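Reviewing the structure listed below.
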Amino acid sequence: MPDQPDIAVVGAGIIGVACALRLARQGLRVVVIDRQDPGHGASFGNAGHLATEQVFPIADLSIVRRLPAMLLDPMGPLRLDWKYLPRALPWFARLLLNLRPAPFQRTVAGLRALNESSLGAWQRLLQDIARPQLLREDGSLLVFERPESRQAIDALQARMRQQQVPVDVWQAKVIREIAPQLSEGIQGGLFFPDTGHFLDPYRVVCELVHAAKTSGVQFLKQQVQGGHLYEQGVSLLTDQGSVNARKVLIACGAHSAKLTAALTGKKIPLDTERGYHLMLPHEHDRLPFAVTSLERKFIMTPMTDGLRLAGTVEFAGLDRPPSMERAWQLHRLSKGLFRRDLNADDATPWMGFRPSLPDSLPIIDRVCEGKVLLAFGHQHLGLTQAAVTAELIGRMTAPEAVCNRHDLPNIEPYRLDRF
1 MPDQPDIAVV GAGIIGVACA LRLARQGLRV VVIDRQDPGH GASFGNAGHL
51 ATEQVFPIAD LSIVRRLPAM LLDPMGPLRL DWKYLPRALP WFARLLLNLR
101 PAPFQRTVAG LRALNESSLG AWQRLLQDIA RPQLLREDGS LLVFERPESR
151 QAIDALQARM RQQQVPVDVW QAKVIREIAP QLSEGIQGGL FFPDTGHFLD
201 PYRVVCELVH AAKTSGVQFL KQQVQGGHLY EQGVSLLTDQ GSVNARKVLI
251 ACGAHSAKLT AALTGKKIPL DTERGYHLML PHEHDRLPFA VTSLERKFIM
301 TPMTDGLRLA GTVEFAGLDR PPSMERAWQL HRLSKGLFRR DLNADDATPW
351 MGFRPSLPDS LPIIDRVCEG KVLLAFGHQH LGLTQAAVTA ELIGRMTAPE
401 AVCNRHDLPN IEPYRLDRF
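Pasting the structure below:
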């Protein structure tokens, strides 16, 4: 029909909204559909870290050795729910297969290509909406506390430099000068200068939504239950009726598999890493930038509303209720990292779903004669890669668009047909 939108975006998280804004700025009529208000899924509670340094897969072969401990420790940094284990095992089997040398190198190359383009894409996007102050480009720090961890730090530094990731070695004295509230027990660390953090990840989504609405994007609070292709485009079935569009972009994170199968006939191995955070509203000015602990395996990010502790991962699917004790465990993990323990008064726990594929790469593609676009599966890097993903989706819909002037990754590593 003449008045139907050019494209329906399913998913109002950071990736869906960034893509919707890009498409609208290219002159397309866009509608965004989500069962929640924009930014209330995984985008609400991410660590806020622009993690351009994370160019390696989400796991390595040591996961095999750690598997029994993972199953036995309900508060460990990586947990598998016993009841979810039968469903998770095929995914883990594929993950292990992707850790063989050739697929591992393909993953690293794919992550590196996206991450190298991410900071520039975010700078362009925030400048476009006149909100560059939402991102602090002040780097991030990985610290270690045990003298025996120095070998692991040195090995990681070598791997990073091999991948041309900018990294500096910081001795304990330098860390104490720049982050004086950290413990005397810090032995040293690695500083990543080409990273940064967002002062309020949820506000970033809200600012993008405002810009998108100004550009004519319509937002519908509906739950997409299915859909089908027809000659003129795509018909989506929601809990409030049908929405027709010439094209659809599936960008609903961990919930993307069912709709992708319905429209493309492709079953994809998408699972969810349930991530937790604990927000400490009375902790300001403790850290100048995001700091990660090598041994404790979590990250602390300073934000406008306090200090956010994040990083714990749980495989338990989409349906089981959250175990908020895992969020509170982050505060216990922080004890000893500072000269004075963090204040957890009025702290708020949170859990969200990180969409992960077994090769650690997202799906960014255009299929079904261009009627279906895909942008999901970014695992821990959804916030980091949202802006460059939006530019890639923009290039797929309008090759002559202004974003084509920028060097963007080749989408071959992120194709749907790799599964």
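Sequential numbering from 1 applies to the sequence shown in full-length UniProt numbering. Each residue gets a CB set at the ideal place from its N, CA and C atoms; glycine is no exception. Fair warning: this is a prediction, and the values are worked out from it, not measured in the lab.
Rounded C-beta distance between residue i and residue j? I'm assuming under 8 angstroms.
| i | j | result |
| --- | --- | --- |
| Asp34 | Ala12 | 4 angstroms |
| His282 | Ala47 | Actually they are not in contact, since the Cβ atoms of His282 and Ala47 sit about 19 angstroms apart, beyond 8 angstroms. |
| Pro77 | Val313 | 7 angstroms |
| residue 422 | Gly306 | This structure cannot settle anything about residue 422, because the visible part of the chain is limited to 1 through 419. |
| Leu249 | Leu373 | 4 angstroms |
| Ala375 | Ala251 | 4 angstroms |
| Ala24 | Ser215 | 4 angstroms |
| Thr264 | Val367 | 6 angstroms |
| Phe315 | Ala88 | 5 angstroms |
Can you check DSSP and say which residues form a bridge with residue i?
| i | result |
| --- | --- |
| Glu314 | Arg79, Arg274 |
| Ala42 | Ala42 pairs with nothing; no bridge assigned. |
| Phe338 | Leu182 |
| Thr389 | Bridge partners of Thr389: none, in fact. |
| Phe192 | Ser140 |
| His49 | His197 |
| Gln218 | Val31 |
| Lys247 | Ile7 |
| Thr384 | Paired residue(s): none; Thr384 is not in a bridge. |
| Thr238 | Val224, Gly241 |
| Gly233 | Tyr230 |
| Leu135 | Phe198 |
Considering Cα atoms alone, identify which of the options is closest to residue i.
| i | options | result |
| --- | --- | --- |
| Gln218 | Pro90, Asn410, Val30, Asn244 | Val30 |
| Met75 | Ala386, Arg332, His378, Thr348 | Arg332 |
| Ala310 | Leu96, Met300, Gly317 | Met300 |
| Ser256 | Ile363, Gln127, Val204 | Ile363 |
| Asp37 | Ala24, Lys221, Arg150, Leu114 | Lys221 |
| Lys267 | Arg150, Glu184, Arg418, Gly336 | Arg418 |
| Phe192 | Thr52, Gly265, Pro90 | Thr52 |
| Gln26 | Leu408, Leu416, Leu392 | Leu392 |
| Leu287 | Ala316, Gly265, Phe338 | Phe338 |
| Leu236 | Lys83, Tyr202, Lys371 | Lys371 |
| Glu412 | Gly253, Val234, Arg106 | Arg106 |
| Ala386 | Val367, Leu97, Asp345, Val205 | Val205 |
| Gly317 | Pro68, Trp91, Leu99, Asp60 | Trp91 |
| Asp200 | Leu125, Arg136, Ala18, Leu114 | Arg136 |
| Phe298 | Gly382, Asp285, Arg366, Trp328 | Trp328 |
| Glu369 | Ala344, Gln232, Arg296 | Gln232 |
| Ile178 | Tyr202, Asp138, Ala347, Arg112 | Asp138 |
By DSSP, does residue i sit in helix, in strand, or in coil?
| i | result |
| --- | --- |
| Gly352 | strand |
| Ser293 | strand |
| Arg100 | coil |
| Arg106 | helix |
| Gln26 | coil |
| Leu408 | coil |
| Pro302 | strand |
| Ile363 | strand |
| Gln36 | coil |
| residue 428 | Nothing in the structure corresponds to residue 428, since the chain is present only between 1 and 419. |
| Ser118 | helix |
| Ala12 | coil |
| His282 | coil |
| Pro169 | Reading off the sequence shown, one finds Val at residue 169, where the question assumed Pro. Val169: strand per DSSP, three-state reduction. |
| Ser323 | coil |
| Phe92 | helix |
| Gly394 | helix |
| Arg308 | strand |
| Leu287 | coil |
If you measure between the beta carbons of residue i and residue j, is that distance less than 9 angstroms?
| i | j | result |
| --- | --- | --- |
| Ile129 | Ala211 | yes |
| Gly352 | Gly41 | yes |
| Gly196 | Leu50 | yes |
| Arg246 | Asp6 | yes |
| Glu207 | His380 | no |
| Val388 | Ser140 | no |
| Phe56 | Val108 | yes |
| Ile58 | Leu95 | yes |
| Met160 | Leu190 | yes |
| Leu259 | Gly377 | no |
| Ser149 | Leu294 | yes |
| Gln187 | Pro147 | yes |
| Gly39 | Val209 | yes |
| Val169 | Gln157 | yes |
| Val234 | Asp194 | no |
| Leu97 | Pro358 | yes |
| residue 476 | Tyr414 | Look at the range of the chain in this structure, 1 to 419, and you will see that residue 476 is not part of it. |
| Ile14 | Leu383 | yes |
| Pro349 | Gly253 | no |
| Ala398 | Leu125 | no |
| Ser242 | Gly336 | no |
| Ala262 | Arg22 | no |
Answer yes or no: does any C-beta atom of chain D fall closer than 9 angstroms to that of residue i?
| i | result |
| --- | --- |
| Ser242 | Absent from the structure: chain D. Only one protein chain is present. |
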